[in-house]
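Protein chains in written order, with my numbering: chain P, 1 to 209; chain X, 1 to 209; chain C, 1 to 333; chain Y, 1 to 333.
These notes are about the structure you will find just below.
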Amino acid sequence: MGCDAKRVAEVLRAGAATVADHKAELIDLDRAIGDADHGENLDRGFAAILSTLDSGVPETPGAVLKIAATTLISKVGGAAGPLYGTAFLRAATKLGDRSELDAEAVVAGLEAALEGVVARGKAEVGDATMVDALSPAVEAARQAHADGGDAAAVLGAAADAAKEGADSTVPLVARKGRASYLGERSVGHADPGATSTALLLRSFAETVS
Amino acid sequence: MGCDAKRVAEVLRAGAATVADHKAELIDLDRAIGDADHGENLDRGFAAILSTLDSGVPETPGAVLKIAATTLISKVGGAAGPLYGTAFLRAATKLGDRSELDAEAVVAGLEAALEGVVARGKAEVGDATMVDALSPAVEAARQAHADGGDAAAVLGAAADAAKEGADSTVPLVARKGRASYLGERSVGHADPGATSTALLLRSFAETVS
Amino acid sequence: MKKIINEPAAVVAESLRGLAAVHADLVRVSYDPDHVVRADAPVADKVAVISGGGSGHEPLHTGFVGAGMLDAAVPGPVFTSPTPDAVQAAISATTGEAGALLVVKNYTGDVLNFETAAELAAAEGLDVRSVVIDDDVAVADSTFTAGRRGVGGTVLLEKIVGAAAARGDSLDDVERLARRIVGQVRSIGVALSSPTVPHAGEPSFDLGDQEIEFGIGIHGEPGRERIPAESADALVERMLDAVTGDLPFNSGDDVLLFTNSMGGTPPIETYLAHGIAERLLADRGIRVTRRLVGPYITSLEMQGISVTLLKLDAELAELWDAPVHTPGLRWGI
Amino acid sequence: MKKIINEPAAVVAESLRGLAAVHADLVRVSYDPDHVVRADAPVADKVAVISGGGSGHEPLHTGFVGAGMLDAAVPGPVFTSPTPDAVQAAISATTGEAGALLVVKNYTGDVLNFETAAELAAAEGLDVRSVVIDDDVAVADSTFTAGRRGVGGTVLLEKIVGAAAARGDSLDDVERLARRIVGQVRSIGVALSSPTVPHAGEPSFDLGDQEIEFGIGIHGEPGRERIPAESADALVERMLDAVTGDLPFNSGDDVLLFTNSMGGTPPIETYLAHGIAERLLADRGIRVTRRLVGPYITSLEMQGISVTLLKLDAELAELWDAPVHTPGLRWGI
Ligand SMILES: Nc1ncnc2c1ncn2[C@@H]1O[C@H](COP(=O)(O)OP(=O)(O)O)[C@@H](O)[C@H]1O
Ligand SMILES: Nc1ncnc2c1ncn2[C@@H]1O[C@H](COP(=O)(O)OP(=O)(O)O)[C@@H](O)[C@H]1O
Ligand SMILES: [Mg+2]
Ligand SMILES: [Mg+2]
Ligand SMILES: [Mg+2]
Ligand SMILES: [Mg+2]
Chain P
1 MGCDAKRVAE VLRAGAATVA DHKAELIDLD RAIGDADHGE NLDRGFAAIL STLDSGVPET
61 PGAVLKIAAT TLISKVGGAA GPLYGTAFLR AATKLGDRSE LDAEAVVAGL EAALEGVVAR
121 GKAEVGDATM VDALSPAVEA ARQAHADGGD AAAVLGAAAD AAKEGADSTV PLVARKGRAS
181 YLGERSVGHA DPGATSTALL LRSFAETVS
Chain X
1 MGCDAKRVAE VLRAGAATVA DHKAELIDLD RAIGDADHGE NLDRGFAAIL STLDSGVPET
61 PGAVLKIAAT TLISKVGGAA GPLYGTAFLR AATKLGDRSE LDAEAVVAGL EAALEGVVAR
121 GKAEVGDATM VDALSPAVEA ARQAHADGGD AAAVLGAAAD AAKEGADSTV PLVARKGRAS
181 YLGERSVGHA DPGATSTALL LRSFAETVS
Chain C
1 MKKIINEPAA VVAESLRGLA AVHADLVRVS YDPDHVVRAD APVADKVAVI SGGGSGHEPL
61 HTGFVGAGML DAAVPGPVFT SPTPDAVQAA ISATTGEAGA LLVVKNYTGD VLNFETAAEL
121 AAAEGLDVRS VVIDDDVAVA DSTFTAGRRG VGGTVLLEKI VGAAAARGDS LDDVERLARR
181 IVGQVRSIGV ALSSPTVPHA GEPSFDLGDQ EIEFGIGIHG EPGRERIPAE SADALVERML
241 DAVTGDLPFN SGDDVLLFTN SMGGTPPIET YLAHGIAERL LADRGIRVTR RLVGPYITSL
301 EMQGISVTLL KLDAELAELW DAPVHTPGLR WGI
Chain Y
1 MKKIINEPAA VVAESLRGLA AVHADLVRVS YDPDHVVRAD APVADKVAVI SGGGSGHEPL
61 HTGFVGAGML DAAVPGPVFT SPTPDAVQAA ISATTGEAGA LLVVKNYTGD VLNFETAAEL
121 AAAEGLDVRS VVIDDDVAVA DSTFTAGRRG VGGTVLLEKI VGAAAARGDS LDDVERLARR
181 IVGQVRSIGV ALSSPTVPHA GEPSFDLGDQ EIEFGIGIHG EPGRERIPAE SADALVERML
241 DAVTGDLPFN SGDDVLLFTN SMGGTPPIET YLAHGIAERL LADRGIRVTR RLVGPYITSL
301 EMQGISVTLL KLDAELAELW DAPVHTPGLR WGI
């Protein structure tokens with residue numbers, strides 16, 4: 001079964017709940033190697049998505065994601081705002097006016113999101129950013145799709161890979177974003193943005209399945 | 001045996017050593033109910049007296065005390081500077097050009113010192129200031145003199161009474177100086193100036209005897 | 001204790017060296033005894049306005065030396081009144097026929113040392129008067145105490161009296177104006193943390209994580225009472241109540257509102273507190289027509305603020321607006 | 001956490017309300033999206049100079065809006081870059097035919113958000129350029145990182161570029177000047193304590209009683225290394241070595257020396273540190289011909305200082321001296 005606009009709205013609502021639940025944890029991660037605002041920033045953005053959705057859900061998944069994108073861009077600020085915003089925007093554009101998302105569409109959306117983040121932020125895998133979560137997520141999604149998985153399976157595989165990717169940032173020296181100012185001292189900490197990416201994908205997967 | 005100018009200089013040197021030894025204690029007392037500078041202030045003044053005396057001791061006890069007075073006035077600052085300075089100045093004036101101080105002269109000097117402090121500071125016994133040490137010291141000195149004590153005995157009695165007087169400030173509500181801003185919250189603390197007065201008189205007495 | 005200093009005993013002189021380097025066009029700094037005078041002192045035919053007191057409150061007083069404000073400032077050691085000879089040196093460097101006004105904050109030490117200096121100056125034939133400022137409503141005013149402390153009102157008084165002297169007012173007039181200001185200015189302060197006096201090396205008081213010292217002075221002397229930490233709205237209202245409960249500021253009054261950082265409180269919080277005070281005063285019909293916001297009378301690194309209200313009339317407002325050019329306060333020039 | 005605030009989420013807007021009340025003659029404050037523009041904006045036929053970034057650094061940038069400096073400032077949440085729509089609102093309110101220069105501190109968030117805003121403005125036919133300032137020598141400059149942070153040099157750049165725009169320079173010239181300044185300004189900062197981000201509620205880092213964070217940024221990001229507390233003489237020398245080791249300032253050079261308080265360090269220490277820096281530079285034959293001392297780019301209540309050196313020539317000195325009238329910086333008017 002695919003995912004219609006209403007379901008995508010639910011997915012975003014679940015994401016908002018996850019961000020709210022993990023706000024303090026994300027702040028703590030960012031305090032260690034950044035400026036202690038990542039949880040607050042994302043929460044401000046997703047809370048705004050919630051209230052926008054409360055006043056009406058558009059017809060297509062792409063339109064819903066576009067609302068999320070513009071809300072994030074105008075509410076989050078910092079590095080995460082434009083990056084997450086671009087991710088959602090590229091996914092929305094990619095999905096066009098399809099009315100339902102199947103496994104293939106989910107893969108395409110994730111691919112577009114990753115391209116958007118890389119285009120804006122210029123980070124590579126191994127720089128200890130959200131790309132370290134999103135990039136393996138895309139790979140895993142492709143593989144799950146190739147293996148015949150449905151949308152839920154694809155998102156589940158992406159979430160698992162993202163979690164692993166986020167964990168993989170712990171031993172890394174950050175080379176992008178605020179943590180890069182720390183040089184060697186960034187070693188030993190999970191990247192906040194990679195962690196939030198994994199958390200969001202997990203909650204998306206759980207809501208779809 | 002009386003006290004000549006050289007002996008008075010020794011007395012002041014001993015006072016300076018006492019102040020240096022108790023500097024931290026006096027700062028702590030002043031931190032509790034004032035502004036944490038009494039020990040530093042007095043130490044700056046007495047250290048300056050030391051170096052003035054090193055460059056020569058005048059002929060008479062009065063002249064030595066006058067040097068102490070002007071040094072304290074120009075080096076201590078705060079409330080204690082003018083008060084201690086006036087005390088030494090009045091004592092010096094009272095002693096005129098006597099070449100030796102006997103018991104009677106010590107009493108007269110202490111009386112003049114107390115008058116000076118009261119004239120400047122307008123404090124009464126019970127206000128929790130140095131007057132609470134100096135006033136009973138003068139009484140005790142008078143009594144010791146009446147009982148036939150020599151200069152050392154007079155100073156010893158004064159020191160004992162000053163110590164008791166300083167201790168008596170603990171349960172009092174301060175009504176003069178910085179501690180008075182505290183109202184009831186000044187209760188339970190010894191007054192720094194009364195404490196330094198008692199310490200000085202003790203070291204004076206020990207040096208003379 | 002962690003501070004950007006060398007020897008505690010050298011803090012004042014070394015800080016003055018910085019002041020001298022930055023503001024050589026405005027001030028001349030002399031050491032031992034330390035005093036700061038206008039670069040163009042003595043100014044002929046002008047009443048000299050002189051102040052001073054313990055250091056650690058910068059820019060008060062040394063940062064207020066210059067055109068339209070102080071002719072001289074006498075910084076004592078940290079939190080310790082300067083000595084009479086230092087005050088006397090400042091008087092000598094600035095005072096002529098027109099005489100001088102000494103602005104003295106009401107602390108026993110300041111009063112005694114400035115009094116002695118004034119006597120010495122009088123003995124030299126100079127016309128030197130003193131005005132004692134005691135605007136801190138935190139302290140009960142009683143003849144059985146040292147009286148109220150001089151705090152934030154001092155900044156406003158020095159600016160306004162300095163402007164009066166600059167326009168050529170006589171010593172009588174300047175003195176009368178100063179006394180008038182003392183009568184209509186009131187302040188209250190709070191501390192969120194304690195300052196550490198350099199030579200003491202330890203905080204002057206301990207404050208719990210959820211405590212505020214209400215009615216703090218500017219020397220780390222404990223305040224009037226300890227209260228639980230509360231919202232800025234509640235705290236600023238409590239502060240204004242203390243001030244207006246003392247000297248009734250009434251609906252329709254024009255006032256100058258001065259929100260001061262005690263040194264460790266940054267602009268974002270000071271402006272926030274000021275905004276609240278503006279709103280609360282507007283609610284009471286009190287018209288804020290002049291304002292000053294920032295760290296102008298500090299208490300070393302202490303976190304906290306004070307609020308000062310001065311009742312204004314046309315003359316005071318005009319003198320407040322008059323040009324001033326000092327290290328710490330500048331406009332119109 | 002103890003601060004004079006209400007709800008953490010309301011800190012920026014409430015502080016802006018204070019700014020609006022105090023400086024209504026200079027600035028106009030709009031909320032949601034928050035932006036601050038000159039009271040007389042748009043100024044006809046003038047290049048608009050616009051900056052912004054996370055809040056908590058006041059007076060930067062909102063306190064630098066006014067004649068001779070910024071046309072608009074866009075304050076984000078505390079330590080968080082503002083969003084493109086807020087920047088766009090500031091551009092719309094101030095930018096005409098002459099175009100605008102965006103002054104962007106080099107942080108990923110600021111760069112991305114301002115970049116987006118500039119694109120949106122370009123789409124509306126406005127000539128909007130950006131200059132990214134990255135003067136912090138604490139961070140190794142490498143293509144493998146986000147590059148150096150923009151810190152104290154931003155204040156100097158905004159003043160000088162603002163003066164150039166005020167005298168009527170074209171956008172090309174203003175942009176060229178800004179890039180020239182970026183090339184010849186360098187800074188380094190130290191922290192003695194950590195700031196606490198209001199919504200985080202806890203200090204951003206823990207520092208031992210005898211530790212200093214050397215090479216700190218302005219967001220409580222940990223610095224380059226942790227060093228044992230040392231004398232002001234040693235610390236300032238270490239700071240100057242870091243700066244001059246990066247961009248050689250040579251004997252005979254004229255420089256502007258800016259000693260900045262990070263928010264929690266009071267004037268007595270800031271001036272003391274400045275005095276030391278003056279002496280050390282004089283020893284090296286470097287001529288300090290302009291100076292700025294005080295809390296101009298803060299990091300909430302963090303205790304610490306930064307030192308910025310800008311190589312001067314006649315044009316930069318003249319533009320520095322030009323009149324400026326903003327909440328945070330004022331002279332000549
Ligand atoms: N150039 C970049 N490319 C990809 N992700 C980045 C980049 N820079 C930062 N990030 C991500 O943004 C996260 C920080 O977001 P946030 O704390 O909200 O913004 P800021 O760093 O501006 O405070 C980092 O943990 C990292 O995952
Ligand atoms: N009016 C007064 N009369 C007598 N002694 C006083 C008076 N005011 C203050 N003192 C004494 O001065 C002491 C404080 O001295 P010090 O700390 O050096 O000065 P300051 O209070 O100016 O910091 C008090 O402990 C008290 O004994
Ligand atoms: Mg962050
Ligand atoms: Mg004291
Ligand atoms: Mg004192
Ligand atoms: Mg941030």
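Even glycine gets a Cβ: it sits at the ideal position worked out from N, Cα and C.
Amino acids of chain X, ordered along the chain, whose beta-carbon sits closer than 7 Å to that of residue i
i        : result
Asn113/C : Gly77, Gly81 and Pro82
Proximal residues of chain P, C-beta to C-beta of residue i below 7 Å
i       : result
Gly76/Y : Gly77
Ser81/Y : Gly77 and Gly78
Amino acids of chain P, ordered along the chain, whose beta-carbon sits closer than 9 Å to that of residue i
i        : result
Glu221/Y : Ile33, Gly34, Asp35, Arg178, Ala179, Tyr181 and Leu182
Residue i Cβ short of 7 Å to ligand 4 heavy atom set
i        : result
Arg178/X : yes
Residue i: CB within 7 Å of a non-hydrogen atom of ligand 1
i        : result
Gly85/X  : no
Val197/Y : no
Ala16/P  : no
Val117/P : yes
Residue i: contacting residues in chain P (beta-carbon distance under 8 Å)
i       : result
His61/Y : Simply none; closest approach about 15 Å.
Pro84/Y : Ile73, Ser74 and Pro82
Phe94/Y : Going by the sequence as given, residue 94/Y is Thr instead of Phe. Near Thr94/Y there are no residues of chain P at all, since even the closest Cβ is about 20 Å away, more than 8 Å.
Residue i beta carbon near ligand 2 (any heavy atom closer than 7 Å)
i        : result
Asp191/X : yes
Lys122/X : yes
Thr129/X : yes
Asn211/X : It is not possible to answer for residue 211/X, since the shown part of chain X is limited to 1 through 209.
Ala80/X  : yes
Under 8 Å by beta carbon: chain C residues contacting residue i
i        : result
Gly121/X : Thr108 and Leu112
Glu301/Y : Gly264, Thr265, Pro266, Glu269 and Gln303
Under 7 Å by beta carbon: chain C residues contacting residue i
i      : result
Lys3/Y : Glu269
Nearest neighbour of residue i, chosen from the options [CA to CA]
i        : options                                  : result
Pro33/Y  : Ala20/Y, Val22/Y, Val324/Y and Ala13/Y   : Ala13/Y
Val138/X : Gly121/X, Ala103/X and Pro61/X           : Ala103/X
Lys176/P : Leu110/P, Ala80/P, Ala108/P and Leu42/P  : Ala80/P
Ser55/C  : Ala44/C, Leu70/C and Thr80/C             : Thr80/C
Ala48/Y  : Asp206/Y, Ser306/Y, Pro195/Y and Gly99/Y : Gly99/Y
Arg186/Y : Ala72/Y, Leu240/Y, Thr289/Y and Thr95/Y  : Leu240/Y
Lys3/C   : Ile333/Y, Asp134/Y, Val29/Y and Gln210/Y : Gln210/Y
Residue i CB to nearest heavy atom of ligand 3 below 7 Å
i       : result
Asp30/P : yes
Closer than 8 Å at the beta carbon, the chain Y residues around residue i
i        : result
Ala229/C : Lys2
Chain D within 8 Å of residue i, Cβ atoms only
i        : result
Val293/C : You won't find chain D in this structure, because its protein chains are P, X, C and Y.
Residues that residue i contacts on chain X, provided the C-beta gap is smaller than 8 Å
i        : result
Thr244/C : Residues of chain X passing the Cβ test: none, with the nearest at roughly 21 Å.
Residues that residue i contacts on chain Y, provided the C-beta gap is smaller than 7 Å
i        : result
Arg330/C : Arg330 and Trp331
Glu225/C : Within 7 Å Cβ-Cβ: nothing; Glu225/C doesn't reach chain Y, min ~17 Å.
Every unbroken alpha helix (DSSP H) inside the stretch 63–119 of chain X [4 residues or more]: 80–95
Closer than 6 Å from C-beta to any heavy atom of ligand 5: which residues, in chain order? Asp35/X, Asp37/X, Gly78/X, Gly54/C, Phe79/C, Thr80/C and Gly109/C
Pick out the complete alpha helix (DSSP H) segments inside the stretch 95–150 of chain Y, 4 residues or longer, and give them in chain order. 108–123
Can you give, in chain order, each stretch of the alpha helix (DSSP H) that sits fully within the stretch 129–162 of chain X and has at least 4 residues? 131–146
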